[in-house]
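Numbers given in the numbering used here equal positions in the sequence shown, counted from 1, plus 8. For glycine and all other residues, C-beta sits at the position ideal for the given N, C-alpha and C. Since this is a predicted model, take the numbers as computed values, not measurements. All remarks here apply to the structure that follows.
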Amino acid sequence: MGAVGIIGSKAKGGSGKGSALPTPIPTTASNGLSYKSNPKHTPGQQGYSYRAGTEPKDSIELFGASVVSGKKRYAKDAEGNVHQFTNTNDGTWHWSGSTGDKSVQLDKNMIPADVKKQLNLPKKGW
């Protein structure tokens with residue numbers, strides 16, 4: 009397995025080509041879990057709200073490299089931003105925020121200590 013939080017695409021299913029949604033249909037990510045974009049995180053989609061944050065195009069790759077903590081999953085992108093994923097309660101997961109989001113940043117203080125350790129984040133000042 010590759011480094012935790014580093015993007016590596018082995019996703020099978022919908023790719024988002026032809027759709028504004030990064031992953032418009034339930035798709036098996038490289039971690040074996042099902043992922044589907046939530047329209048509220050994609051500009052131009054029904055229900056979109058900038059207050060909900062904007063899902064990155066590579067969200068399924070990030071999800072595939074995510075680690076679990078409690079009821080959430082987390083991954084780190086190449087810029088060091090942490091992305092959060094939430095179980096949608098229909099058998100799929102969706103992107104639900106990032107410390108690097110331009111409109112609504114995920115609070116770095118809310119990232120669990122075990123996640124910081126697994127993603128090799130500094131304890132302070134990141």
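Secondary structure at K80: strand, using DSSP grouped into helix, strand and coil. According to the DSSP assignment, V123 belongs to the alpha helix (DSSP H) that extends over A121 to Q126.
Residue environment for E69: buried (at least 16 other C-beta atoms within 10 angstroms of its C-beta). The alpha-carbon separation between T35 and F71 amounts to approximately 11 angstroms. For S45 against W134, the beta-carbon gap comes to about 27 angstroms, at or over 8 angstroms, which does not count as contact.
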